[in-house]
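Listed in order, the protein sequences are those of chains A and B.
So the number in the working numbering is just where the residue sits in the first sequence, counting from 1, plus 10.
So the number in the working numbering is just where the residue sits in the second sequence, counting from 1, plus 19.
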Amino acid sequence: MSGLAASDAVLRGEAAFQAARRERRRATLLAVAIIALCLYVSAWMSEVSPGVLLAGLPRVTEYFLRILPDLRWAALFADSETEGSLAHWFYRADAWGLLLLETANMAALATLGGAAAALLLSFFAARNLARSAWSARLARRTLEALRTIPEIVYALIFVWAFGVGALAGILAIMLHTVGALGKLFSEVIENADMRPWDGVRAAGGTWSEACRFAILPQVAPNLISYSLLRFEINLRGASVIGFVGAGGIGQEIYTVISFNYYEEVSAIVLMVIATVALIDLVSERLRHRITEAAGVR
Amino acid sequence: MLDIRSLSRRFGAVTAVDRVTLAVPAGQMVGIIGRSGAGKSTLLRMINRLTEPSEGRIFYAGREVTALSGKALRDWRTDCAMIFQQFNLVQRLDVLTNVLIGRLNHRPGPFGTLSSLFKRFTAAERAMALEALARLDLADQALQRADTLSGGQQQRVAIARAMLQEPKILLADEPIASLDPRNSRVVMDALRMVNRQDGITVLCNLHHLDTARAYCDRIVAMQSGRVVFDGPPEELTPSRVQEIYGVSEEEFEEQAAAEAPLRRAAAAA
Ligand SMILES: Nc1ncnc2c1ncn2[C@@H]1O[C@H](COP(=O)(O)OP(=O)(O)O)[C@@H](O)[C@H]1O
Ligand SMILES: [Mg+2]
């Protein structure tokens, strides 16, 4: 009796399950078709065709082959005067090292300054702390505007205004960082526990004191972690921003590429990759430490 | 003397507090009882203006509290300290700094605010905080982070913070609802101590009638935002409770206690 009823329930359940799965598959297929169509249309509009891709691919490999150094086993560890030695390949390693240091410095300064300004603005932009609808809107629109404009556009403007050099690059990256971090910061603040806020306000604390004592201690680990992540991103930004004359290693990369100093291209790119990877590694470790220490309790 | 005149607060269609009129002489310890949702928290939060009233006025010593703003409002909040069911401490700060938050509004001018923002407190202020902590039996925990303390200890830290405000009134919103019986007694004893020794007026939301009877000079019972009883503890007999709430005292406390965790979850969401 009960076995019969159960199997009936199983049959009905299985039928419903199959119907639901058919429905889900149909929806997935439809979505895939729509995305494929969109891709095709956008490729057609921007004149990307498989033909161009196929024709270009061999040239990409050709370029990579060309920038490879012409190393000779016998002379590998000879001095920089000898063709085919490592020292000859990296003959300007000291100058590039200095430029890389400048690049890392630019990224660090821009991240620091950007994070500080983002911190100030994010308290105004966070919906849960808003002093007035008006100031909150102003802060949010400012952050939006700052992050919509790409770094390279800021860089062009600042190179024009302050001349070629690292200052233009630092300012450019900093402005974009304010916008990008400010949004993330204000979202972290919006998730903060508001009970300490009531506590400080009820004690007669001002708005800024409540931000400082009730909110900042809660959100600080997250903000630091986001800032380090941004530093990693800014490091990449700083290495190309020199293309437009805004300082750092980018200017050198641009020169060697446009003058077809093939071996130097590979030497610099290797150094950049090594530096970025190293800093990423350290920064990632730090971030994990911070979030773990904050999460333990 | 705290003088509340026909005070109301509506949240949309809900009237949380409905034309409450109360006069509380200085130095009294008042227990406010009622089921969850009766409007006790809203009433207390309107007194120090964390919640704005919809109608009615509040006076203290001839001054209209409901008309204050800016610095005057902050001064009023300093005069009527508040402690909360969930303690509302800054969990990631040490106990001493949490207590010093009570001094924030005693540091005059932009320079005072600026040094506060950098957590620069004077030795005298620290001494005051340590003294308050010692009085509440917490001197050894001063440098521990607040989140390492038990609930009862955290509530006493909150009382120490309130004491540093040097208030005239202390508002306590269900101060023992999150605590076990032993810690509840310690916290209620501390409230009575500041009431008796420092002459601070205490308004305390409770849902245990026995606690209210044991500690308070006067009991105010609320139901659906209205005051339905106001008198000395002796008058709130079990039969009177039955008459007001339509249930026995045991049932009343069961209802109040059962609903408390639910509300906590809602507040956290
Ligand atoms: N911020 C708010 N928004 C909407 N409704 C609220 C708010 N605060 C309280 N209420 C409502 O007001 C009524 C009284 O709440 P409350 O003062 O917290 O009662 P009690 O503290 O006695 O439990 C309840 O119906 C509650 O849902
Ligand atoms: Mg309440």
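Backbone N, C-alpha and C fix where the C-beta goes; we use that ideal spot for every residue, glycine too.
Cβ-based neighbour list, residue 108 (chain B), same chain, cut-off 7 angstroms, excluding 5 preceding and 5 following: For this step, residue 108 (chain B) is matched to residue 89 along the second sequence. Its chain contains 117, 165, 173, 176, 177 as the residues whose beta carbon lies nearer than 7 angstroms to that of residue 108 (chain B), once the 5 sequence neighbours on both sides are disregarded; these appear in chain order.
Whole runs of the alpha helix (DSSP H) within the segment 46 to 80 of chain A, excluding any shorter than 4 residues: Complete alpha helix (DSSP H) runs here, min 4: 60 to 77.
Neighbourhood of residue 165 (chain A) by C-beta, 7 angstroms cutoff - its chain only, sequence neighbours within 5 removed: The residue you call residue 165 (chain A) lines up with position 155 of the first sequence. So the qualifying residues of the chain are 178, 179, 182, 251, 254, 256.
Supposed close pair residue 244 (chain A), residue 301 (chain A) - CB separation, criterion 8 angstroms: As a position in the first sequence, residue 244 (chain A) is number 234, starting the count at 1. As a position in the first sequence, residue 301 (chain A) is number 291, starting the count at 1. Residue 301 (chain A) and residue 244 (chain A) do not touch by the CB rule: their CB atoms are close to 20 angstroms apart, not below 8 angstroms.
Among B:228, B:139, B:274, the one whose alpha carbon lies nearest that of residue 255 (chain B): Your numbering for residue 255 (chain B) matches position 236 in the second sequence. Sorting B:228, B:139, B:274 by C-alpha distance to the C-alpha of residue 255 (chain B) places B:228 at the top.
Closest residue to residue 224 (chain A) among B:106, B:184, B:190, B:77 (Cα-Cα distance): Translated into the one-based positions of the first sequence, residue 224 (chain A) becomes position 214. Residue 224 (chain A) has its Cα closest to that of B:106, out of B:106, B:184, B:190, B:77.
Per-residue contacts from residue 62 (chain A) into chain B (C-beta, under 7 angstroms): Residue 62 (chain A) sits at position 52 when you count from the first residue of the first sequence. Those do not exist, as residue 62 (chain A) stays about 54 angstroms from chain B at its closest Cβ, beyond 7 angstroms.
Closer than 6 angstroms: residue 60 (chain B) CB and nearest ligand 2 heavy atom: Here residue 60 (chain B) refers to the residue found at position 41 when the second sequence is read from its first residue. Residue 60 (chain B) Cβ: within cutoff of ligand 2.
In chain order, each beta strand (DSSP E) run of at least 3 residues that lies wholly inside the segment 181 to 226 of chain B: Fully contained in the segment 181 to 226 of chain B are the following beta strand (DSSP E) runs of length 3 or more, in chain order: 188 to 192, 220 to 225.
CB contact below 7 angstroms: residue 100 (chain A) versus chain B: As a working note, residue 100 (chain A) is residue 90 in the first sequence. It does not; no Cβ of chain B falls within 7 angstroms.
From B:40, B:21, B:22, residue whose alpha carbon lies closest to that of residue 241 (chain B): Here residue 241 (chain B) corresponds to residue number 222 of the second sequence, with the count starting at 1. Taking residue 241 (chain B) as reference, the option from B:40, B:21, B:22 with the minimal CA-CA separation is B:40.
Under 7 angstroms from the C-beta of residue 121 (chain B): neighbouring residues of chain A: If you number the second sequence from 1, residue 121 (chain B) lands on position 102. In chain order: 213.
Residue of B:149, B:122, B:29, B:151 minimising C-alpha distance to residue 139 (chain B): Position 120 of the second sequence holds residue 139 (chain B). Sorting B:149, B:122, B:29, B:151 by C-alpha distance to the C-alpha of residue 139 (chain B) places B:122 at the top.
Validate contact between the segment 51 to 62 of chain B and the segment 85 to 93 of chain B using beta carbons, cut 8 angstroms, 3 pairs: The segment 51 to 62 of chain B and the segment 85 to 93 of chain B do not touch, with fewer than 3 CB-CB distances between them shorter than 8 angstroms.
Contacting residues, own chain, Cβ-Cβ under 7 angstroms from residue 281 (chain B) (five flanking each side not counted): Taking the first residue of the second sequence as 1, we reach residue 281 (chain B) at position 262. With a pLDDT of 44 at residue 281 (chain B), under the threshold of 50, the modelled position of that residue is not reliable, and no figure is offered here.
Contact check, residue 277 (chain A) vs residue 100 (chain A), beta carbons under 7 angstroms: The count along the first sequence starts at 1 and reaches residue 277 (chain A) at position 267. The count along the first sequence starts at 1 and reaches residue 100 (chain A) at position 90. Yes, the pair counts as a contact, with Cβ atoms nearer than the cut-off.
Coarse secondary structure for residue 236 (chain A), derived from DSSP in three states: As a first step, residue 236 (chain A) must be located in the first sequence, where it is residue number 226. Judged by DSSP in its simplified three-state form, residue 236 (chain A) adopts helix.
Residues bridged to residue 235 (chain B) (per DSSP): Within the second sequence, residue 235 (chain B) is the residue found at index 216, counting from 1. Answer by DSSP bridge pairing: none, since residue 235 (chain B) is not bridged.
Cβ shell of residue 128 (chain A) (< 6 angstroms), same chain only, five flanking positions each side left out: Here residue 128 (chain A) corresponds to residue number 118 of the first sequence, with the count starting at 1. Apart from sequence neighbours up to five positions away, the residues of its chain that approach residue 128 (chain A) with a beta-carbon distance below 6 angstroms are 188, 191, 192, 195, ordered along the chain.
Beta strand (DSSP E) runs wholly inside the segment 23 to 100 of chain B, at least 3 long, in chain order: Runs of the beta strand (DSSP E) inside the segment 23 to 100 of chain B: 33 to 43, 48 to 52, 74 to 79.
Residues from the segment 188 to 217 of chain A in contact with chain B, defined by Cβ distance under 7 angstroms: Answer set for the segment 188 to 217 of chain A: 205, 206, 208, 209, 210, 211, 212, 213, 214, 215, 216.
As assigned by DSSP and simplified to three states, the class of residue 159 (chain A): Against the first sequence, residue 159 (chain A) aligns to sequence position 149. It is coil, neither helix nor strand.
Residues within the segment 128 to 144 of chain B neighbouring chain A, beta-carbon criterion of under 7 angstroms: Residues 132, 135, 136.
Ligand 1 heavy atom lying under 6 angstroms from the CB of residue 35 (chain B): Locating residue 35 (chain B) in the second sequence gives position 16, counting from the first residue. Correct: residue 35 (chain B) has its Cβ closer than 6 angstroms to ligand 1.
Beta carbon of residue 81 (chain B) nearer than 7 angstroms to that of residue 25 (chain B): Here residue 81 (chain B) refers to the residue found at position 62 of the second sequence. Here residue 25 (chain B) refers to the residue found at position 6 of the second sequence. When the beta-carbon positions are compared, residue 81 (chain B) and residue 25 (chain B) stay at least 7 angstroms from each other.
Distance between residue 259 (chain A) and residue 154 (chain A) (C-alpha atoms, nearest Å): Position 144 of the first sequence, counting from 1, holds the residue named residue 154 (chain A). Position 249 of the first sequence, counting from 1, holds the residue named residue 259 (chain A). Each residue's Cα considered, the two are about 29 angstroms apart.
Sequence-distant residues of its chain with Cβ nearer than 6 angstroms to residue 119 (chain A) (five each side left out): To locate residue 119 (chain A), count along the first sequence from 1; it is residue 109. 180, listed in sequence order.
Spatial neighbours of residue 253 (chain B) in its chain, beta-carbon cut-off 7 angstroms, leaving aside the 5 residues before and after: The count along the second sequence starts at 1 and reaches residue 253 (chain B) at position 234. The answer is none, since no qualifying residue turns up.
Cβ of residue 222 (chain A) within 7 angstroms of any chain B Cβ: Looking up residue 222 (chain A) in the first sequence gives position 212. So yes, residue 222 (chain A) belongs to the interface.
Beta-carbon contacts of residue 211 (chain A) that lie in its chain and below 6 angstroms, excluding the five residues immediately before and after: On the first sequence, residue 211 (chain A) is found 201 positions in, with the first residue counted as 1. These residues qualify, in order along the chain: 220.
Sequence-distant residues of its chain with Cβ nearer than 6 angstroms to residue 225 (chain B) (five each side left out): Here residue 225 (chain B) is taken as the residue at index 206 of the second sequence, counted from 1. 50, 52, 231.
Residues near residue 203 (chain B) in its chain [Cβ-Cβ closer than 6 angstroms; skip 5 each side]: Reading the second sequence from its first residue, position 184 is the one you call residue 203 (chain B). Cβ within range, chain order: 195.
Three-pair Cβ contact test at 8 angstroms for the segment 124 to 138 of chain A versus the segment 197 to 205 of chain A: The segment 124 to 138 of chain A vs the segment 197 to 205 of chain A: in contact.
CB contact check: residue 124 (chain B) to chain A, cutoff 7 angstroms: Sequence index remark: in the second sequence, residue 124 (chain B) carries index 105 (1-based). It does: the Cβ of residue 124 (chain B) has a partner Cβ on chain A nearer than 7 angstroms.
Between the CA atoms of residue 147 (chain A) and residue 306 (chain A) - distance to the nearest angstrom: Mapped onto the first sequence, residue 306 (chain A) falls at position 296. Mapped onto the first sequence, residue 147 (chain A) falls at position 137. Any reading at residue 306 (chain A) must be qualified, since the residue scores a pLDDT of 49, below 50, and its modelled position is unreliable; no value is offered.
Amino acids of chain A, ordered along the chain, whose beta-carbon sits closer than 7 angstroms to that of residue 109 (chain B): For the purposes of this step, residue 109 (chain B) is taken as residue 90 along the second sequence, with counting starting at 1. Those are 206, 223, 224, 227, listed as they occur along chain A.
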